[in-house]
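Here numbering that gives the first Met the number 0 is used: position 243 in the sequence shown is 242, and no number is missing along the way. Notes follow once the structure below has been shown.
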Amino acid sequence: MRETDITEKIRALSVYPYDEYKVTLKPKAHLHYAYRITDKGIEIELSDYLAEAPLSVLNDECEAIVKWSMGKKYVQPASLSEYLVSSDFIVKNRPLYLRRCRTVSMMQQGSSKNLIDSVERLMAMDLVFDTDISNSYFTWATHMAKYKFGQCNQTFRVVSINPDLDADYVPDKVVDYVVYHEILHLRQDTSKNHRPHNAQFRSWEHMFPDYAAMEDYLRKFYTVPGRRRLCFIRVTSTDDVEILRVQIIVVRPTGHHRSRASNRGCHRRSKRVRVLDTCQRVPSSLS
Ligand SMILES: [Zn+2]
0 MRETDITEKI RALSVYPYDE YKVTLKPKAH LHYAYRITDK GIEIELSDYL AEAPLSVLND
60 ECEAIVKWSM GKKYVQPASL SEYLVSSDFI VKNRPLYLRR CRTVSMMQQG SSKNLIDSVE
120 RLMAMDLVFD TDISNSYFTW ATHMAKYKFG QCNQTFRVVS INPDLDADYV PDKVVDYVVY
180 HEILHLRQDT SKNHRPHNAQ FRSWEHMFPD YAAMEDYLRK FYTVPGRRRL CFIRVTSTDD
240 VEILRVQIIV VRPTGHHRSR ASNRGCHRRS KRVRVLDTCQ RVPSSLS
């Protein structure tokens with residue numbers, strides 16, 4: 000999908016302090032908004048995820064952005080907040096988000112662990128409830144930074160988990176704990192602009208049995224020698240998204256502080272990459 004000009008659809012706002020305005024919908028992986036002041040007016044850029052939003056929502060959002068351009072604080076309009084949490088918005092746009100977001104494998108079943116098993120165990124323990132996970136999507140990430148074990152996109156309700164945890168030697172409970180942490184982000188009220196790990200969040204987090212031991216395990220996770228990293232590689236063509244499961248075996252430590260070019264060479268030689276199997280093909284019609 001290309002950029003779409005929707006200026007005609009937006010109500011001609013005489014309240015706008017600019018002579019001319021232009022509103023476009025742009026395709027980007029994450030929900031975003033931006034503006035640019037030109038010689039004659041303002042160009043407002045909205046996410047194409049809002050393509051099917053009610054006109055009133057688009058109008059309210061444009062007005063908020065104009066106010067923002069005049070030096071006021073940006074305040075997300077209530078109508079937009081309401082639309083973003085509607086299942087109409089999430090269900091319609093999540094497949095497109097998953098296709099664009101290159102760090103999700105779109106797999107719940109890893110080589111050792113299934114994320115849905117973790118969710119079910121958490122529910123059986125009464126730590127997680129239906130309302131927490133309604134309309135949510137769980138997936139192994141293709142890769143994730145060391146020491147970052149999970150990620151939650153609250154807009155599209157997508158939880159992704161570091162594939163290094165998808166190994167037989169990792170206790171199920173550790174994966175459950177990471178999944179639990181991310182589910183707590185789904186539980187949070189996104190319309191309130193609070194810190195993600197506030198006191199309320201921490202009190203929920205501490206309800207997990209052996210919370211301190213789980214944190215300790217994760218803190219030491221990458222210090223164990225000979226640890227193998229597993230990841231998924233997405234090969235995107237015009238027809239489909241092919242997901243390869245590969246194993247990366249770290250044969251010597253990385254992180255030499257040399258010039259960038261030689262560092263890259265070092266990086267390559269320090270890993271052996273083996274394709275284990277091709278585990279999924281997703282037709283491009285998904286988007
Ligand atoms: Zn968090």
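Beta carbons: idealized from backbone N, C-alpha and C, even for Gly.
For the beta strand (DSSP E) containing residue i, name the first residue and the last one.
{"i": "E62", "result": "Per DSSP, E62 belongs to no beta strand (DSSP E); it is in the alpha helix (DSSP H), L54 to S68."}
{"i": "V177", "result": "Element bounds for V177: not the beta strand (DSSP E) but the alpha helix (DSSP H), D171 to R186."}
{"i": "L97", "result": "Per DSSP, L97 belongs to no beta strand (DSSP E); it is in the alpha helix (DSSP H), S86 to R99."}
{"i": "Y20", "result": "E19 to K25"}
{"i": "E42", "result": "G40 to S46"}
{"i": "A166", "result": "A166 -> no beta strand (DSSP E), and no H or E assigned at all."}
{"i": "I5", "result": "Neither: I5 is in no beta strand (DSSP E) and is coded neither H nor E."}
{"i": "A33", "result": "Y32 to I36"}
Taking the C-alpha atoms as reference points, what is the distance between residue i and residue j?
{"i": "K202", "j": "E62", "result": "Contrary to the premise, residue 202 reads as Ser rather than Lys in this sequence. So the alpha carbons of these two residues sit roughly 38 Å apart."}
{"i": "S68", "j": "Q199", "result": "34 Å"}
{"i": "K72", "j": "R194", "result": "18 Å"}
{"i": "V118", "j": "D125", "result": "11 Å"}
{"i": "S46", "j": "Y96", "result": "11 Å"}
{"i": "N152", "j": "I89", "result": "11 Å"}
{"i": "Q75", "j": "A140", "result": "30 Å"}
{"i": "Q108", "j": "Y179", "result": "17 Å"}
{"i": "E44", "j": "T189", "result": "22 Å"}
{"i": "M213", "j": "V157", "result": "23 Å"}
{"i": "V22", "j": "I9", "result": "8 Å"}
{"i": "F220", "j": "M106", "result": "23 Å"}
{"i": "N197", "j": "K27", "result": "30 Å"}
{"i": "N113", "j": "A166", "result": "11 Å"}
{"i": "D4", "j": "R186", "result": "36 Å"}
{"i": "A123", "j": "H142", "result": "29 Å"}
{"i": "D209", "j": "F128", "result": "20 Å"}
{"i": "L164", "j": "Y176", "result": "11 Å"}
{"i": "A50", "j": "R120", "result": "38 Å"}
{"i": "Y20", "j": "A33", "result": "13 Å"}
{"i": "E204", "j": "L30", "result": "28 Å"}
{"i": "I64", "j": "T154", "result": "19 Å"}
Quick check on residue i: buried or exposed, where buried means 16 or more other Cβ atoms within 10 Å of its Cβ?
{"i": "K91", "result": "exposed"}
{"i": "S159", "result": "buried"}
{"i": "D215", "result": "exposed"}
{"i": "P162", "result": "buried"}
{"i": "S261", "result": "At S261, the pLDDT of 41 sits below 50, so the modelled position is not reliable; the number obtained from the coordinates is stated separately. With fewer than 16 Cβ atoms within 10 Å of its Cβ, S261 is classed as exposed."}
{"i": "V223", "result": "exposed"}
{"i": "M206", "result": "exposed"}
{"i": "K147", "result": "exposed"}
{"i": "D131", "result": "buried"}
{"i": "H184", "result": "buried"}
{"i": "E181", "result": "buried"}
{"i": "I115", "result": "exposed"}
{"i": "R1", "result": "exposed"}
{"i": "P16", "result": "exposed"}
{"i": "E60", "result": "buried"}
{"i": "R35", "result": "exposed"}
{"i": "G70", "result": "exposed"}
{"i": "P252", "result": "Per-residue confidence for P252 stands at a pLDDT of 44, beneath the threshold of 50, marking its modelled position as unreliable; the derived number appears in the next sentence. Exposed is the call here."}
{"i": "R263", "result": "Only weak support is given to the placement of R263: the predicted model assigns it a pLDDT of 42, under 50, and the value that follows is read from those uncertain coordinates. Answer is exposed; the Cβ neighbour count stays below 16."}
{"i": "G254", "result": "Note on G254: pLDDT 43, under 50, position unreliable in the model; the coordinate value appears next. Under this definition G254 is an exposed residue."}
{"i": "R218", "result": "exposed"}
{"i": "S258", "result": "Low confidence applies to S258: its pLDDT is 41, below 50, so where it sits in the model is not reliable enough to give any reading."}
Give the range of the alpha helix (DSSP H) segment to which residue i is assigned.
{"i": "F137", "result": "Premise fails: F137 lies in the beta strand (DSSP E), Y136 to W139, not in any alpha helix (DSSP H)."}
{"i": "L114", "result": "L114 to A123"}
{"i": "L79", "result": "A77 to L83"}
{"i": "N197", "result": "It is not in any alpha helix (DSSP H) - N197 carries neither H nor E in the DSSP assignment."}
{"i": "T154", "result": "Where T154 is concerned, there is no enclosing alpha helix (DSSP H), given that its DSSP letter is neither H nor E."}
{"i": "E214", "result": "Y210 to R218"}
{"i": "I132", "result": "D129 to I132"}
Any residue whose CB is nearer than 6 Å to a heavy atom belonging to ligand 1, listed in chain order: H180, H184, P195 and H196
Meets three-Cβ-pair contact criterion under 8 Å: the segment 101-111 and the segment 39-57: no
Any 3 or more C-beta pairs closer than 8 Å across the segment 34-44 and the segment 81-100: no
Given 8 Å, three or more beta-carbon pairs between the segment 169-177 and the segment 129-142: no
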